[in-house]
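Heads up, the thing below is written out as structure tokens.
Number of protein chains: 2
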Amino acid sequence: MEKKEDNQQEEEQVVNPWEVSGKDGGKIDYDKLIDKFGCQKLDQSFIDRVERLTSRPPHVFLRRGVFFAHRDFNEILDAYERGDKFYLYTGRGPSSEALHLGHLVPFMFTKYLQDAFKVPLVIQLTDDEKCMWKNLSVEESQRLARENAKDIIACGFDISRTFIFSDFDYVGGAFYKNMVKVAKCVTYNKAVGIFGFTGEDHIGKVSFPPVQAAPSFPSSFPHLFSGKDDLLCLIPCAIDQDPYFRMTRDVAPRIGYHKPALIEASFFPALQGETGKMSASDPNSAIYVTDSAKDINYKVNKHAYTGGQESMEKHRQYGANLEVDIPIKYLSFFLEDDAELEHIKKDYGAGRMLTGEVKKRLIEVLTELVERHRTARAAVTDETVDAFMAVRPLPNMFD
Amino acid sequence: MEKKEDNQQEEEQVVNPWEVSGKDGGKIDYDKLIDKFGCQKLDQSFIDRVERLTSRPPHVFLRRGVFFAHRDFNEILDAYERGDKFYLYTGRGPSSEALHLGHLVPFMFTKYLQDAFKVPLVIQLTDDEKCMWKNLSVEESQRLARENAKDIIACGFDISRTFIFSDFDYVGGAFYKNMVKVAKCVTYNKAVGIFGFTGEDHIGKVSFPPVQAAPSFPSSFPHLFSGKDDLLCLIPCAIDQDPYFRMTRDVAPRIGYHKPALIEASFFPALQGETGKMSASDPNSAIYVTDSAKDINYKVNKHAYTGGQESMEKHRQYGANLEVDIPIKYLSFFLEDDAELEHIKKDYGAGRMLTGEVKKRLIEVLTELVERHRTARAAVTDETVDAFMAVRPLPNMFD
Numbered sequence: 001m002e003k004k005e006d007n008q009q010e011e012e013q014v015v016n017p018w019e020v021s022g023k024d025g026g027k028i029d030y031d032k033l034i035d036k037f038g039c040q041k042l043d044q045s046f047i048d049r050v051e052r053l054t055s056r057p058p059h060v061f062l063r064r065g066v067f068f069a070h071r072d073f074n075e076i077l078d079a080y081e082r083g084d085k086f087y088l089y090t091g092r093g094p095s096s097e098a099l100h101l102g103h104l105v106p107f108m109f110t111k112y113l114q115d116a117f118k119v120p121l122v123i124q125l126t127d128d129e130k131c132m133w134k135n136l137s138v139e140e141s142q143r144l145a146r147e148n149a150k151d152i153i154a155c156g157f158d159i160s161r162t163f164i165f166s167d168f169d170y171v172g173g174a175f176y177k178n179m180v181k182v183a184k185c186v187t188y189n190k191a192v193g194i195f196g197f198t199g200e201d202h203i204g205k206v207s208f209p210p211v212q213a214a215p216s217f218p219s220s221f222p223h224l225f226s227g228k229d230d231l232l233c234l235i236p237c238a239i240d241q242d243p244y245f246r247m248t249r250d251v252a253p254r255i256g257y258h259k260p261a262l263i264e265a266s267f268f269p270a271l272q273g274e275t276g277k278m279s280a281s282d283p284n285s286a287i288y289v290t291d292s293a294k295d296i297n298y299k300v301n302k303h304a305y306t307g308g309q310e311s312m313e314k315h316r317q318y319g320a321n322l323e324v325d326i327p328i329k330y331l332s333f334f335l336e337d338d339a340e341l342e343h344i345k346k347d348y349g350a351g352r353m354l355t356g357e358v359k360k361r362l363i364e365v366l367t368e369l370v371e372r373h374r375t376a377r378a379a380v381t382d383e384t385v386d387a388f389m390a391v392r393p394l395p396n397m398f399d
Numbered sequence: 001m002e003k004k005e006d007n008q009q010e011e012e013q014v015v016n017p018w019e020v021s022g023k024d025g026g027k028i029d030y031d032k033l034i035d036k037f038g039c040q041k042l043d044q045s046f047i048d049r050v051e052r053l054t055s056r057p058p059h060v061f062l063r064r065g066v067f068f069a070h071r072d073f074n075e076i077l078d079a080y081e082r083g084d085k086f087y088l089y090t091g092r093g094p095s096s097e098a099l100h101l102g103h104l105v106p107f108m109f110t111k112y113l114q115d116a117f118k119v120p121l122v123i124q125l126t127d128d129e130k131c132m133w134k135n136l137s138v139e140e141s142q143r144l145a146r147e148n149a150k151d152i153i154a155c156g157f158d159i160s161r162t163f164i165f166s167d168f169d170y171v172g173g174a175f176y177k178n179m180v181k182v183a184k185c186v187t188y189n190k191a192v193g194i195f196g197f198t199g200e201d202h203i204g205k206v207s208f209p210p211v212q213a214a215p216s217f218p219s220s221f222p223h224l225f226s227g228k229d230d231l232l233c234l235i236p237c238a239i240d241q242d243p244y245f246r247m248t249r250d251v252a253p254r255i256g257y258h259k260p261a262l263i264e265a266s267f268f269p270a271l272q273g274e275t276g277k278m279s280a281s282d283p284n285s286a287i288y289v290t291d292s293a294k295d296i297n298y299k300v301n302k303h304a305y306t307g308g309q310e311s312m313e314k315h316r317q318y319g320a321n322l323e324v325d326i327p328i329k330y331l332s333f334f335l336e337d338d339a340e341l342e343h344i345k346k347d348y349g350a351g352r353m354l355t356g357e358v359k360k361r362l363i364e365v366l367t368e369l370v371e372r373h374r375t376a377r378a379a380v381t382d383e384t385v386d387a388f389m390a391v392r393p394l395p396n397m398f399d
């Protein structure tokens, strides 16, 4: 009986900050996720409005539905249209040395938002979280946070508008006060309902959600937003982080704060197929920003799951199944030229283009992307990291 | 059935940081508490050893058994005898504006320890705890913390050896890292076993024990104890705080730290009788440091429970029951002259001295004590508080 229930549970789709798996091990059903989480679908009218308000083409991730859901994004745009600014908040749990392309997605998009709206940005490195969840030492978590900060900075953030902080360095003062205010409003039972903690989880895990909630409130950053307690906050993140911010939005009005708005991304698929996020334990499941051209060539050719047919004859006859094809998915993220992407999809889907040709183009795109990132990262010195992480005012951040 | 179980529970002795009540509403059984908590009795050999090591008479609270239990106090004395120093850590939850005499007991004793051993002292004001438990605002908790700091400073602490901090101001950095290290080692189930949390308690409460644990470790105070990670810690406190430090001592070796030692006090009895701690909700249950001579006179005469007999004839015949007599208990805390106290106990117990006479002497002793405290407190300015609470090195603190 117990076993049967276990099996039934395993069949259901699970998406939370620590686990992402589709029903029966299949693809994530994002429509169902929107329903379950209670967020809104980001439809074309938003994309058009962003284009109009920012006078620049919407980011690939926006026009191709990578960022597909939101909470109160309309209120951010309303405020912006009235001439009010907002600030961006995103983050990373520094659990590994090298980032893969999926890790870069929210940062690439956040950089676009920062540039397009000209707004300040806070980036939280949850070294405390990873110290607790991955059982890393404090020192190792902080080392990884700084290493990851270099990759994040390499995405091109504007230092005059960006504050990066490690929890171990920054928690305290106004930030800690907001943690306590949030914690007072969340019962243990409620936290269990949202995060699924068990009695055998340590109390550090139970204590953590307020740490991720606090940056949603401008008063957590007195050196940036002093006297701007009404400033709205927009959080670009992958949708697995939604539980933290559902909790935060539930608490916010009870402690006199605005609810943060969210714009949420789907998951970047593994090379082996679109059944969830990539796995850190299998290096062949992802392209890392540290991969060489040779690595990329090998991984795409050897491990990318494709929708091509088993023989050339069949392929010419039926064409590729684009729905499951990873090279097409990856190109949809990173090939910016809409016309070329459409052309590839049309020809590949019709069998006129072969899997090898699509893979070749993907390898070019990824190699260029990774090479560009590597060059940018090499230019990020320890002094640059210190400068981004200095607790300082950001003058003219709203100009 | 359920009701019966409830009643059975109510009959048991309960001592934890939030509730102190004897079995069947009676007196606390301290021997049983020592057994249950697993601490040690502080016997005469300790008192003699302290006297010998410090070359001064042991404090009244020591020689009269107010501080009656310990954990590893012998190790502190061993270290001191070897020429190694230690540091003292005590604290207060600032939930009310005015302190009563029971609140002063640990601080008066801590001042004696500081003077006798010439060691540094950290005093934690858990404004975050009171903000969470008493549902005070952050601002009100911090205001109370500063007000309470004035009363604490008035006990005569040496500013060159004393650091007072508010959690809201000080949590962060090395202190926060230690909080995380502790939290990683305590499961929710374990915390429930120690502190009795329920699912309806908010997660702020669950997060708090590591905050009270952290000052037990010298690395939480880099501005004081940098490079002195091996420094031993001695915590003078009332025994209701033992659960926090049982947890701390359990965790310490797992994170590479020394266990803090403890020296633990019994509770200062209420005017109405020795059935637990005094009640903040009943001003007549305690003498406050803000009480006037008239208040003290009224409270002692009107509310102090005595062991005197109901008529003068009976009193002359049987004498007072000293075991339940509050004036005698209070004199045992605050009348320093051993000979006079013995004389009063002998005559009162034999019926030669009347209750009114004992009360009169107590009123004199308390009025002088409270008057002395009031004068000392009046001299504590906001600048003095700032000076004690400044994050600063304490030069020559071990001299």
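Residue numbers (full-length UniProt numbering), protein chains in the order written: chain B, 1 to 399; chain D, 1 to 399.
Don't be surprised by glycine CBs; every beta carbon is placed ideally from N, CA and C.
{"Asked": "With DSSP as the reference, label residue 253/D as helix, strand or coil.", "Found": "helix"}
{"Asked": "Using beta-carbon positions only, say whether residue 210/B and residue 122/B come within less than 8 Å of one another.", "Found": "no"}
{"Asked": "Residues of the region 188-199 of chain B in Cβ contact with chain D at a cutoff of 9 Å, in chain order, please.", "Found": "188, 189, 190, 191, 192, 197, 198 and 199"}
{"Asked": "Taking one C-beta from the region 337-354 of chain D and one from the region 279-297 of chain D each time, how about it: are there three or more such pairs within less than 8 Å?", "Found": "no"}
{"Asked": "For residue 6/D, which residues from the same chain have a beta carbon less than 6 Å from its beta carbon, with the 5 sequence-adjacent residues on both sides left out?", "Found": "Reliability of the predicted coordinates at residue 6/D is poor, the pLDDT of 46 falling under 50, and the value obtained from them is presented with this limitation in mind. Nothing meets the Cβ criterion."}
{"Asked": "At a CB-CB cut-off below 7 Å, which residues of chain B make contact with residue 128/D?", "Found": "180"}
{"Asked": "Tell me which residues share the same chain as residue 319/D and place their Cβ nearer than 6 Å to its Cβ, disregarding the 5 neighbours each side in the sequence.", "Found": "349, 350 and 351"}
{"Asked": "From the DSSP output, in three-state form, read off residue 319/D for me.", "Found": "coil"}
{"Asked": "Could you check the C-alpha separation between residue 100/B and residue 77/B for me, to the nearest Å?", "Found": "31 Å"}
{"Asked": "Assuming residue 15/B contacts residue 28/B (C-beta within less than 8 Å), just tell me the rounded distance between them.", "Found": "7 Å"}
{"Asked": "With H, G and I counted as helix, E and B as strand and the rest as coil, what does DSSP make of residue 195/B?", "Found": "helix"}
{"Asked": "Using a Cβ-Cβ distance under 8 Å, would residue 203/D count as near chain B?", "Found": "yes"}
{"Asked": "How is residue 208/D classed by DSSP in three states: helix, strand or coil?", "Found": "coil"}
{"Asked": "By Cβ distance, which residues of its chain are closer than 7 Å to residue 146/D, with the 5 residues on each side in sequence left out?", "Found": "385"}
{"Asked": "Around the Cβ of residue 148/B, are there at least 16 other Cβ atoms within 10 angstroms (buried) or fewer (exposed)?", "Found": "buried"}
{"Asked": "With a floor of 4 residues, list each alpha helix (DSSP H) that falls wholly inside the region 297-367 of chain B, ordered by position along the chain.", "Found": "312-318, 326-334 and 338-349"}
{"Asked": "By the 10 Å Cβ neighbour count, where 16 or more other Cβ atoms means buried, how is residue 198/D classified, buried or exposed?", "Found": "exposed"}
{"Asked": "I'd like to know if residue 132/D contacts chain B, where contact means its C-beta is closer than 8 Å to some C-beta of that chain.", "Found": "yes"}
{"Asked": "Ends of the beta strand (DSSP E) at residue 165/B?", "Found": "162-166"}
{"Asked": "Are the C-beta of residue 289/B and some C-beta of chain D separated by less than 8 Å?", "Found": "no"}
{"Asked": "Can you give me, in chain order, the residues of the region 210-227 of chain B that have a beta carbon less than 8 Å from any beta carbon in chain D?", "Found": "210"}
{"Asked": "How about residue 90/D and residue 235/D: are their beta carbons less than 8 Å apart?", "Found": "yes"}
{"Asked": "Hey, quick one: how far does the beta strand (DSSP E) through residue 125/D stretch, first residue to last?", "Found": "121-125"}
{"Asked": "By the criterion of Cβ-Cβ separation under 8 Å, what are the contact partners of residue 138/D in chain A?", "Found": "Note that chain A does not occur in the displayed structure, where the protein chains are B and D."}
{"Asked": "Consider the Cβ of residue 172/D: report whether some Cβ of chain B lies at a distance smaller than 8 Å.", "Found": "yes"}
{"Asked": "Thinking just about the alpha-carbon of each residue, which of 20/B, 194/B and 325/B is nearest to the one in residue 308/B?", "Found": "325/B"}
{"Asked": "Consider the Cβ of residue 404/B: report whether some Cβ of chain D lies at a distance smaller than 8 Å.", "Found": "Nothing can be reported for residue 404/B, as the shown portion of chain B is limited to 1 through 399."}
{"Asked": "Starting from residue 95/B, find everything on chain D with Cβ-Cβ shorter than 9 Å and list it in chain order.", "Found": "Result: empty, since nearest Cβ-Cβ is about 15 Å, beyond 9 Å."}
{"Asked": "Can you give the Cα-Cα distance for residue 13/D and residue 194/D, rounded to whole angstroms?", "Found": "15 Å"}
{"Asked": "In three-state terms, what does DSSP make of residue 20/B?", "Found": "strand"}
{"Asked": "Around the Cβ of residue 281/B, are there at least 16 other Cβ atoms within 10 angstroms (buried) or fewer (exposed)?", "Found": "exposed"}
{"Asked": "Would you mind giving the Cβ-Cβ distance between residue 271/B and residue 299/B, rounded to the nearest angstrom? I have them listed as a contact below 8 Å.", "Found": "6 Å"}
{"Asked": "Hey, does residue 166/D have any beta-carbon neighbour from chain B nearer than 8 Å?", "Found": "no"}
{"Asked": "Hey, does residue 66/B have any beta-carbon neighbour from chain D nearer than 8 Å?", "Found": "no"}
{"Asked": "Grouping DSSP H, G and I as helix and E and B as strand, with all else coil, what is residue 94/B?", "Found": "coil"}
{"Asked": "Determine, for residue 391/B, whether the minimum Cβ-Cβ distance to residues of chain D falls below 8 Å.", "Found": "no"}
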